[in-house]
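Numbering that gives the first Met the number 0 numbers the first residue of the sequence shown as 0 and each following residue consecutively.
Backbone N, C-alpha and C fix where the C-beta goes; we use that ideal spot for every residue, glycine too.
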Amino acid sequence: MAELKHVVFDMGNVLMTFNGPAFARHYTDSDEDARLLDEALFGSTAWALLDAGVIGHDTMRHIAEAHLPGHLHPNLHECFARWPECSEPLEDVCDLAIRLKQRGLGIYLLSNASTSIDLQMSRCPVNDLLDGRVVSGFERIMKPDPTIYQLLCRRYDLDPASCLFVDDNRDNCLGAERAGMRSYHFTGDAAKLERAIALMLESAE
């Protein structure tokens, strides 16, 4: 097995929290209004189109408006503009990424996210340390399509076999494996992830 030289991180629920119901609740006054807002915005099938770069932010907002009563439109507008402020770093994973960088490994971001990703990643301690990133909204390719992983490797001259991809979505992990990477399905335990990476590094020594 090739030596592990690079770790590629997903963003949502790996480096940064992503919780649509919690975001919606922050910008509404009742559980019912929060449910409606979440379903119209974060839970909408159009959200994936936004992340894919197929539709823009104005279109996403109009689609969400059409699925909400008028009294929630101001809540929608505020939530859509400001929800990244509610996204917090997963400190244990970010700390691990920083230690890996200090050890000499490359750290990268590969995310299904819209072109407004910097509003969220600017809050991430790892952001300025990344060796590179690929974001679906700019590329119009999404995980788990192997093409997006291959794009990352071509762009930054990485051997896929030397990369570990970390994601909270198992299908995205399988996509990475089809592209020749190792993968780790992250379920919230940063210490377990660190042990898995340590074993990979030790096996190459």
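In this structure, residue 112 sits near residue 134, with a CB-CB distance shorter than 8 Å. Counting along the chain, residue 137 sits inside the alpha helix (DSSP H) bounded by residues 135-138.
Look at residue 88 here: in three-state DSSP terms it is strand. If you check the CB distance, residue 190 and residue 182 do not come in under 8 Å. For residue 107, the enclosing beta strand (DSSP E) covers residues 105-110. When rounded, the separation of the alpha-carbon atoms in residue 31 and residue 50 is 26 Å. Counting only unbroken stretches of 4 or more residues, the alpha helix (DSSP H) elements lying wholly within the region 40-76 are 44-50, 56-65, in sequence order. Of the candidates 153, 179, 150, 179 places its Cα closest to the Cα of residue 163.
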